[in-house]
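Using this note's numbering, you'd call the opening residue of the sequence shown number 1335 and step up by one each time.
For each residue, glycine too, the CB sits at the ideal point set by N, CA and C.
Okay, so here's the structure we're looking at.
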Amino acid sequence: MYQINEFKQRESLDQALASKVADILVEAVKSKGKASIAVSGGSTPKGFFKALSQIDLPWANITITLADERWVAFDSADSNTRLVHENLLQNKAVAANFFHLKQDNILSEETLADLNVAAASMLLPLDVLILGMGEDGHTASLFPCSDQIDECFSTSAPLLRVLPKTAPNERISFSFLSLKESKNIFLHISGTGKKVVLNKALADTNIKEMPIRAFIQDPEINTQVFWAE
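What follows is the structure, encoded as structure tokens:
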């Protein structure tokens, strides 16, 4: 299931989403002493990151991670970890904890196994998940072009290695089954082009053709779509 929240200006969306997420994180910390949030990369969430970073939250009890990451160096322009450090782990949010998906130089089976154990014990289920969406309908690194697309939806492991054929870099991504257990799921998109992609995703049900469909059409998942012109 899904609900669309539309905004005329991206700044209004950023503030509204930041306020919504902040309330959820506060309640999670109150109820269990900690909270976890996974965010996505790209240029779209930068304004949201900056707005959230300026809110007074119990950041020391909040762990931030990524829905997926490219296996690149921290100083690479393609690093989502760098993006989060430069735009979200700032201001008041500098006190937050960060769970690194990209560890070691090589994404070996041993490294992946260690990350799966840590993610399961420290993060899951996520209190908040912020998804993005590509032009091909991929979300996180659940790529329809990858040979791992079946595993993306079937594995019970929290994380998996993905090699997209239409995008650069080896990836590590949370699996669909781990992401769908998130307590609050948001899809953050902007621009008329992404609205066209969203409408295409709503017009059919083949999740392996457009993985975002799994989040907006599954009756067990309530995805809040935040879109701005």
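Rounded to the nearest whole angstrom, the C-alpha separation of proline 1478 and proline 1545 is 7 angstroms. Fully enclosed beta strand (DSSP E) runs of no fewer than 3 residues occupy 1462-1465 of the stretch 1460-1489, in order along the chain.
Using a 10 angstroms sphere on the CB of asparagine 1439, the tally of other CB atoms stays under 16, which defines it as exposed.
Contact between alanine 1352 and alanine 1385 is confirmed by a C-beta separation of about 4 angstroms, below the 8 angstroms threshold.
Counting along the chain, alanine 1352 sits inside the alpha helix (DSSP H) bounded by residues 1344-1366. Just measuring C-alpha positions, the residue of Pro1392, Lys1436 and Asp1390 sitting nearest valine 1406 is Lys1436. Note that the C-beta distance between proline 1498 and phenylalanine 1508 is not below 8 angstroms.
In the DSSP assignment, alanine 1454 falls within the alpha helix (DSSP H) that extends over 1443-1456. Around the beta carbon of glutamine 1337, fewer than 16 other beta carbons lie within 10 angstroms, which makes this residue exposed. Cβ-Cβ distances below 8 angstroms link glutamate 1504 to Arg1404, Trp1405, Leu1441, Arg1495, Val1496 and Leu1497 in the same chain, with the five nearest sequence neighbours on each side left out; the list follows chain order. Per the C-alpha coordinates, the member of Ser1455, Leu1536, Glu1563 and Lys1517 positioned closest to isoleucine 1555 is Lys1517. DSSP places leucine 1493 in the uninterrupted beta strand (DSSP E) bounded by 1493-1496.
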